[in-house]
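Visitor: Residue numbers (this note's numbering): 1 to 198.
Provided herewith is a single structure, encoded as structure tokens, for subsequent inquiry.
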């Protein structure tokens, strides 16, 4: 039969979403604090003094949402930066594929738009990282998640169009670089979820 402390910790745990290790550490600290208090006042009094599980979970969820948003921001910067660098490097010798003919204005516009979107997104991510402590954690996490999902979707579609519209575009071969984009999208979804939990 679970103890009052076990039930309380399980109640708090069921309300939390975020990085697993941080969540485990938080729950271990709660259990340790309650166990120490129970030695003095008894388990039921320790749980009552600790506060409602919903209220404790809400405070912890702010920390978890902020941690998840930080991870998503770093992942966005790494993946988008690597993608941009790879595109720039492949573009240096990529014009040989066009065999002397320049790409059309639509292709050049799309290439420039993807570059600008990547640059602005990297700058915004860096600025957001620098200013992350100025906003409430869950609002910042929602902003990070929403912007990341939009940026990664637009960048992926633009990149696939550029590959598909090139003379020897091998769309299937280009799909390998979509895996990191999918990881960033998954992280953004988890950030959104962590920010939405009440």
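We put the CB at the ideal spot given by N, CA and C, even for glycine.
Helix, strand or coil for residue 105? Go by DSSP, reduced to three states.
Guide: Residue 105: helix per DSSP, three-state reduction.
Visitor: Less than 8 Å between the CB atoms is what I'm expecting for residue 251 and residue 70, so what's the real figure, rounded?
Guide: Residue coverage of the chain in this structure runs from 1 to 198, which leaves residue 251 outside it and unanswerable.
Visitor: DSSP three-state label for residue 15, please.
Guide: If DSSP states are grouped into helix, strand and coil, residue 15 belongs with coil.
Visitor: Give me, in chain order, the residues of the same chain whose beta-carbon lies closer than 8 Å to that of residue 119; leave out the 5 immediate sequence neighbours on both sides.
Guide: Closer than 8 Å at the Cβ level, and outside the excluded window around residue 119, lie 84.
Visitor: Residues in its own chain within less than 7 Å of residue 81 by CB, not counting five upstream and five downstream?
Guide: Contacts found: 122.
Visitor: To which residues of the same chain is residue 129 closer than 6 Å at the C-beta, ignoring the five residues directly before and after it?
Guide: The residues are 73.
Visitor: Kindly list the residues whose CB is nearer than 7 Å to the CB of residue 43, restricted to its own chain and excluding five residues on each side of it in sequence; keep chain order.
Guide: So the qualifying residues of the chain are 3, 4 and 5.
Visitor: Output the distance between the C-alpha atoms of residue 134 and residue 127, rounded to the nearest integer angstrom.
Guide: When rounded, the distance between both Cα atoms is 11 Å.
Visitor: Rounded to the nearest angstrom, what separates residue 51 and residue 9 at their Cα positions?
Guide: Straight-line Cα distance between these residues: approximately 12 Å.
Visitor: Applying the criterion that 16 or more other CB atoms from any shown protein chain within 10 Å of the CB defines a buried residue, is residue 40 buried or exposed?
Guide: Classification of residue 40: exposed, given that the 10 Å Cβ count is below 16.
Visitor: Grab me the residues of residue 77's own chain with a C-beta within less than 8 Å of its C-beta, minus the 5 sequence neighbours each way, in chain order.
Guide: Cβ within range, chain order: 122, 125, 126 and 129.
Visitor: Verify whether the separation of the beta carbon atoms of residue 153 and residue 192 is less than 8 Å.
Guide: Contact flag unset, no.
Visitor: Please report the residue range of the alpha helix (DSSP H) in which residue 154 lies.
Guide: Run containing residue 154: 137-165, per the alpha helix (DSSP H) assignment.
Visitor: Leaving out five residues before and five after residue 161 in sequence, what residues of the same chain have Cβ atoms less than 7 Å from its Cβ?
Guide: The answer, listed in chain order, is 110.
Visitor: Would the beta-carbon of residue 75 fall within 8 Å of that of residue 183?
Guide: Their beta carbons are under 8 Å apart, which means residue 75 touches residue 183 by this criterion.
Visitor: DSSP state of residue 5, grouped into three classes?
Guide: Note: residue 5 maps to helix in three-state DSSP.
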